[in-house]
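Right, one structure below, let's go through it.
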Amino acid sequence: MAARTRYAPDRGLTVRMTATMFLLGLVFVAFVALIIGIMTAANASGASIILVAVVFGGGSAFISLFFSDKIALAAAGAQVVTPQQAPELHGIVDRLCALADMSKPRVAISPARMPNAFATGRNSEHSVLCVTEGLLYHSDLTQEELEGILAHELSHVAHKDVQVMTYASLLAIVAGLLVRFAFYSELFGGARRSDNGQAALLIPLIMLASVVVYAISFLLIRLLSRYRELAADRSGALLTQNPSALISALTKVSRGMNQIPTQDLRAAEPLNAFYFAPAMKLSGGRGRGGGGGGASLSALFSTHPSLDKRIEQLSRIQRELGQPGAEPRGLR
Amino acid sequence: MGFLDTLFGRTKPVQPKLDDLFGLPSAAIQLEAAAGFKPTGSGSVSFRAPEGKPFADIQKEVLELLDMDNGKPGGGLPVEVTKDSYGYTWLVSNHMSDEMDALVTDLHAVNSALVDGGFGPQLLCTLVAFRDENNRRLSLVYLYKRGTFYPFAPLGGGNNRDNALELQVKGVLGDDLKFEQDLTRWFPVWGAPGL
Chain A
128 MAARTRYAPD RGLTVRMTAT MFLLGLVFVA FVALIIGIMT AANASGASII LVAVVFGGGS
188 AFISLFFSDK IALAAAGAQV VTPQQAPELH GIVDRLCALA DMSKPRVAIS PARMPNAFAT
248 GRNSEHSVLC VTEGLLYHSD LTQEELEGIL AHELSHVAHK DVQVMTYASL LAIVAGLLVR
308 FAFYSELFGG ARRSDNGQAA LLIPLIMLAS VVVYAISFLL IRLLSRYREL AADRSGALLT
368 QNPSALISAL TKVSRGMNQI PTQDLRAAEP LNAFYFAPAM KLSGGRGRGG GGGGASLSAL
428 FSTHPSLDKR IEQLSRIQRE LGQPGAEPRG LR
Chain B
439 MGFLDTLFGR TKPVQPKLDD LFGLPSAAIQ LEAAAGFKPT GSGSVSFRAP EGKPFADIQK
499 EVLELLDMDN GKPGGGLPVE VTKDSYGYTW LVSNHMSDEM DALVTDLHAV NSALVDGGFG
559 PQLLCTLVAF RDENNRRLSL VYLYKRGTFY PFAPLGGGNN RDNALELQVK GVLGDDLKFE
619 QDLTRWFPVW GAPGL
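In the order they appear, the protein sequences are chains A and B.
All residue numbers for the first sequence refer to my numbering, where the first residue is 128 and numbers rise by one.
All residue numbers for the second sequence refer to my numbering, where the first residue is 439 and numbers rise by one.
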C-alpha cells in the first residue's frame with residue numbers, strides 16, 4: 128500500500144532544531160531552578176520582582192499570541208480582502224490549501240511598497256496571510272514565484288510557527304523584564320534596603336542571571352527562527368513542486384528589499400521575524416552576496432537564514448525532484 | 439499534523455483518497471431525477487505537475503492509459519491535456535453523456551497511475567460536468583485530500599457563481615455523496631476545462 132514518495136525528510140534539519148530546542152529547554156530549567164533557589168532564600172522584594180516579571184511576561188506573550196493576527200494586520204496597515212476583491216490571490220491560496228489539506232487562512236493586502244509577505248495567527252482557524260502591494264504590483268514576480276512565496280507562508284501556518292516561536296520567546300521576555308525590574312529597584316530601592324545586606328546582594332544576582340539567560344535564549348531563538356524559515360522553504364517547495372520558482376522569488380524579493388528607503392524598513396522591523404525575507408538587516412550584513420563566506424556576527428543575530436543557505440537547500444530539493452522515483456519510505 | 443511535526447516544522451505529504459469517486463454514477467442518476475441535470479460526459483483530473491524530467495514520462499503513461507479505449511467500439515474520445523492559468527495540469531476525458539461508469543473508471547485509472555508514480559500528493563481535484571435543459575452549467579468537484587465533493591455552478595461570463603443552485607445540489611445529493619461541510623473549501627474553478 129505504501130505509495131512511492133518523493134518527499135525525503137531532512138533529518139539534519141530536524142536534528143539541529145531538536146538540539147536548539149533542547150538547549151532552550153535547558154536554559155529554561157536552569158533559570159527556573161535559580162529563581163526557585165532565590166525565592167526560597169526568602170527575600171520578599173526579590174520574590175515579588177520575579178513574580179511580577181513572570182505575570183507581566185507571560186501575560187504579554189499570551190496577549191501577543193492570542194491577538195497576533197490583529198496586531199500584525201494593524202502594524203502592517205493591512206486590510207483583509209474578499210475573493211471578489213482579489214480573485215487571483217485567493218485562487219492561488221485556495222488551490223494550495225486544497226493540495227495541502229489545510230483550512231484556508233484569511234487573505235490580506237498591506238499597502239507597503241516593499242515586496243514582502245507574512246503569515247501569522249495562533250492556529251490555522253485564526254491565521255491570516257498578508258502580502259504587500261509591493262509584492263503584488265510593484266515587483267516583477269511571475270505567478271509561479273508568487274505562488275512559491277504563498278506556499279512558504281502557508282507552511283508557516285501549517286507548522287504553527289507563531290505558537291512555537293511565542294513559547295520559545297517566553298523565557299527571554301521574562302528574563303528581559305527581570306533585568307529591567309531589578310535595575311530599577313536597584314536604582315530607586317537601594318537606599319531603603321541598605322540595612323539588609325542579603326537583599327542588596329540578591330538583586331544584582333537576579334539581574335546578572337537574567338542578562339545571561341536573556342542573551343543565550345535570544346541567540347537560540349534567532350537560531351530556531353532561521354531553522355523554521357528553512358523548514359517553511361522546504362515544505363513550500365515540496366507543496367508547489369517548484370523549488371526553482373521559490374529560488375527566483377527569493378532572489379527577486381531580496382534584491383527589491385535592498386532598494387527600499389531606510390525609513391520604510393524601520394517601520395517594518397517589529398514584523399521582521401514573520402516576513403518572507405527580512406526587511407531589516409543589522410549593519411554589517413553585507414556578506415550575503417556570496418563574498419563573505421565565514422559566519423559573521425550578523426548571521427548569528429538574524430531571524431532569517433542567508434540567501435545563499437536558502438538557495439542551497441532549495442537546489443537540493445530541485446535535484447531530489449529531478450530524480451526518478453525514490454524507494455518507498457516511511458513517513459518520517 | 440502531529441505534535442512532533444509541528445515542533446519540527448515538517449509537512450507530511452497528504453495522500454489522496456480515491457475510492458469515494460465511485461459514488462458518482464449513482465449520484466448522477468439522482469441528480470438528473472431530482473434536479474434535471476445531465477452529465478455532459480466530460481470529466482477532468484487536475485494535478486500539479488512537478489518540475490523535473492520524470493514527470494514527462496508519467497504524463498505520457500497517463501495519456502496512453504486514457505487513449506486505450508479509443509480502439510474499442512463506442513470507446514472514449516481522445517483525451518485533452520491543458521494547463522490552466524494557475525499552473526495546474528488538467529487531463530480531460532470525454533465520453534458520451536450516458537457513460538458515467540466508463541468516465542469514472544477512466545478518471546480512477548488516471549488517479550491510480552499518478553498515485554503509483556508517487557505523485558499522489560499533487561492531485562488537486564477531479565471535476566465532472568453537468569448541464570440542465572436551460573443550459574445551466576454545474577460541476578461536481580471532488581477534493582482528493584478530503585475525499586469529499588462540492589458543487590460548483592458558474593453563472594454567466596463573469597466570476598459569479600450560483601450559490602443557490604449549489605446548495606440545492608448539496609441538499610439533493612447529500613445522502614448519496616460525501617459533501618464537503620467546510621464551505622470555505624468550495625473554491626471556484628473558473629475556466630476549468632470541460633466545465
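Ideal Cβ positions, reconstructed from N, Cα and C, are used throughout, including at glycine.
For this session: Would you list the residues sitting across from G257 (chain A) in a DSSP beta bridge?
Result: For the purposes of this step, residue 257 (chain A) is taken as the residue at position 130 of the first sequence. Per the sequence shown, the amino acid found at residue 257 (chain A) is Cys instead of Gly. BP columns for C257 (chain A) point to A:A235 and A:F245.
### Query
Are the C-beta of Q270 (chain A) and some C-beta of chain B separated by less than 8 Å?
Translated into positions along the first sequence, residue 270 (chain A) becomes position 143. For Q270 (chain A), the answer is yes, since a Cβ of chain B falls inside 8 Å of its Cβ.
Q: Quickly, what does DSSP pair R569 (chain B) with across the bridge? List them, please.
A: Within the second sequence, numbered from 1, the residue matching residue 569 (chain B) stands at position 131. Paired residues: B:K476 and B:R575.
**Asked** Does any residue of chain A bring its CB to less than 8 Å from the CB of Q560 (chain B)?
**Response** Here residue 560 (chain B) refers to the residue found at position 122 when the second sequence is read from its first residue. Yes, Q560 (chain B) lies at the interface with chain A (some Cβ there is under 8 Å from its Cβ).
Q) Does G152 (chain A) get closer than 8 Å to chain B when you measure Cβ to Cβ? A) For the purposes of this step, residue 152 (chain A) is taken as residue 25 along the first sequence, with counting starting at 1. For G152 (chain A), the answer is no, since every Cβ of chain B falls outside 8 Å of its Cβ.
**Item:** Residues within the region 198 to 228 of chain A neighbouring chain D, beta-carbon criterion of under 7 Å
**Value:** The structure shown contains no chain D; its protein chains are A and B.
Worksheet entry | Three or more C-beta pairs below 8 Å linking the region 224 to 238 of chain A and the region 250 to 270 of chain A | yes
* To do: Following the continuous alpha helix (DSSP H) through K450 (chain B), name the residue where it begins and the one where it ends.
  => Along the second sequence, read from residue 1 onward, the residue named residue 450 (chain B) stands at position 12. Where K450 (chain B) is concerned, there is no enclosing alpha helix (DSSP H), given that its DSSP letter is neither H nor E.
Y524 (chain B) versus chain A: which residues are under 7 Å apart at the beta carbon? To locate residue 524 (chain B), count along the second sequence from 1; it is residue 86. What Y524 (chain B) touches in chain A: G218, I219 and R222.
I'd like to know if E439 (chain A) contacts chain B, where contact means its C-beta is closer than 8 Å to some C-beta of that chain.
On the first sequence, position 312 is the one that residue 439 (chain A) refers to. It does not: the Cβ of E439 (chain A) has no partner Cβ on chain B nearer than 8 Å.
Does the separation of the CB atoms of I162 (chain A) and A309 (chain A) fall below 8 Å?
Residue 162 (chain A) sits at position 35 when you count from the first residue of the first sequence. Residue 309 (chain A) sits at position 182 when you count from the first residue of the first sequence. No. Outside cutoff.
With burial defined as no fewer than 16 other Cβ atoms inside 10 Å of the residue's Cβ, what is the status of I190 (chain A): buried or exposed?
-> Here the question's residue 190 (chain A) lines up with position 63 in the first sequence. Classification for I190 (chain A): exposed.
When every heavy atom of the ligand ZN is checked, does at least one fall within less than 7 Å of the C-beta of T141 (chain A)? Because no ligand of any kind appears in the structure shown, any question about the ligand ZN cannot be addressed here.
_Please report the straight-line C-alpha distance between Q619 (chain B) and V142 (chain A), rounded to a whole angstrom._
Reading the second sequence from its first residue, position 181 is the one you call residue 619 (chain B). Reading the first sequence from its first residue, position 15 is the one you call residue 142 (chain A). Computed Cα separation, rounded: 39 Å.
Near-chain A residues of the region 446 to 465 of chain B - C-beta to any C-beta below 7 Å | Listed by position, the residues of the region 446 to 465 of chain B near chain A (Cβ gap below 7 Å) are F446, G447, R448, T449, K450, P451, V452 and Q453.
Is the region 542 to 550 of chain B touching the region 446 to 460 of chain B in the sense that three or more CB pairs, one from each, lie closer than 8 Å? yes
### Query
Does DSSP put P589 (chain B) in a helix, a strand or coil?
In the second sequence, the residue the question calls residue 589 (chain B) occupies position 151. Three-state DSSP puts P589 (chain B) in a strand.
**Prompt:** What does DSSP give as the partner residues of V639 (chain B) in its beta bridges?
**Reply:** In the structure as shown, chain B starts at 439 and stops at 633, and residue 639 (chain B) therefore has no counterpart that could be examined.
Starting from T444 (chain B), trace the alpha helix (DSSP H) both ways and give me its first and last residue.
The residue labelled residue 444 (chain B) in the question sits at position 6 within the second sequence. Counting along the chain, the alpha helix (DSSP H) containing T444 (chain B) begins and ends at F441 to F446.
Exercise. From the DSSP output, in three-state form, read off N549 (chain B) for me.
Key: The residue labelled residue 549 (chain B) in the question sits at position 111 within the second sequence. DSSP places N549 (chain B) in helix when its eight states are reduced to three.
Exercise for the section: Anything in chain A within Cβ reach of P488 (chain B), meaning under 8 Å, just list it in chain order. Expected result: Residue 488 (chain B) sits at position 50 when you count from the first residue of the second sequence. Neighbours of P488 (chain B) on chain A, chain order: R133, Q368, N369 and L448.
- Query: If the cut is a Cβ gap below 7 Å, which residues of chain B does K287 (chain A) touch?
  - Reply: Translated into positions along the first sequence, residue 287 (chain A) becomes position 160. Going along chain B in sequence order, the residues near K287 (chain A) (Cβ under 7 Å) are T444.
Quick check on D613 (chain B) - is its C-beta less than 8 Å from some C-beta in chain A? The residue labelled residue 613 (chain B) in the question sits at position 175 within the second sequence. Closer than 8 Å: no.
Supposed close pair E274 (chain A), F245 (chain A) - CB separation, criterion 8 Å:
Here residue 274 (chain A) refers to the residue found at position 147 when the first sequence is read from its first residue. Here residue 245 (chain A) refers to the residue found at position 118 when the first sequence is read from its first residue. The pair is not a contact, with the Cβ atoms about 16 Å apart (cut-off 8 Å).
query: G261 (chain A) to G558 (chain B), Cα distance in whole Å?
result: Locating residue 261 (chain A) in the first sequence gives position 134, counting from the first residue. Locating residue 558 (chain B) in the second sequence gives position 120, counting from the first residue. So the two alpha carbons sit approximately 35 Å from each other.
- Quick one: what does DSSP say Y341 (chain A) is sitting in, helix, strand or coil? Your numbering for residue 341 (chain A) matches position 214 in the first sequence. If DSSP states are grouped into helix, strand and coil, Y341 (chain A) belongs with the helices.
task: Please name the residue, chosen from B:L615, B:W628 and B:L445, that lies closest to S464 (chain B) on a Cα-to-Cα basis.
output: In the second sequence, counting from the first residue as 1, residue 464 (chain B) sits at position 26. Nearest of B:L615, B:W628 and B:L445 to S464 (chain B), Cα basis: B:L615.
- Message: Can you list, in chain order, the residues of its chain with a C-beta nearer than 8 Å to that of R222 (chain A)? Leave out the 5 residues immediately preceding and following it.
- Response: Against the first sequence, residue 222 (chain A) aligns to sequence position 95. Taken in chain order, the list of residues that qualify is empty.
Which residues bound the alpha helix (DSSP H) around Q619 (chain B)?
Position 181 of the second sequence holds residue 619 (chain B). No alpha helix (DSSP H) holds Q619 (chain B); DSSP gives it neither H nor E.
Give me the chain B residues within the contact set of S230 (chain A), using Cβ-Cβ distance strictly less than 8 Å, ordered along the chain. Indexing the first sequence from 1 puts residue 230 (chain A) at position 103. The answer, in chain order, is D620, T622 and R623.
(Q) Along the chain, where does the alpha helix (DSSP H) containing E274 (chain A) start, and where does it finish? (A) Here residue 274 (chain A) corresponds to residue number 147 of the first sequence, with the count starting at 1. Taken as a continuous stretch (DSSP letters only), the alpha helix (DSSP H) holding E274 (chain A) covers Q270 to A285.
Item to complete: Would you tell me roughly how many angstroms separate the C-alpha atoms of T586 (chain B) and C224 (chain A), rounded to the nearest one?
Response: Locating residue 586 (chain B) in the second sequence gives position 148, counting from the first residue. Locating residue 224 (chain A) in the first sequence gives position 97, counting from the first residue. Across the structure, T586 (chain B) and C224 (chain A) are spaced so that their CA atoms are roughly 14 Å apart.
Can you give me the C-alpha to C-alpha distance between F625 (chain B) and A302 (chain A), rounded to a whole angstrom?
Position 187 of the second sequence, counting from 1, holds the residue named residue 625 (chain B). Position 175 of the first sequence, counting from 1, holds the residue named residue 302 (chain A). C-alpha separation (whole angstroms): 46 Å.
- Query: Going along the chain, which unbroken runs of the alpha helix (DSSP H) with 4 or more residues stay wholly within the region 140 to 219 of chain A?
  - Reply: 171 to 193 and 195 to 203
Would N640 (chain B) count as contacting chain A if we go by Cβ distances under 8 Å?
Outside the modelled stretch of chain B, which goes from 439 to 633, sits residue 640 (chain B), for which no answer is possible.
- [ ] List the endpoints of the continuous alpha helix (DSSP H) containing V607 (chain B).
- [x] Position 169 of the second sequence, counting from 1, holds the residue named residue 607 (chain B). From DSSP, the alpha helix (DSSP H) with V607 (chain B) extends over N601 to L611.
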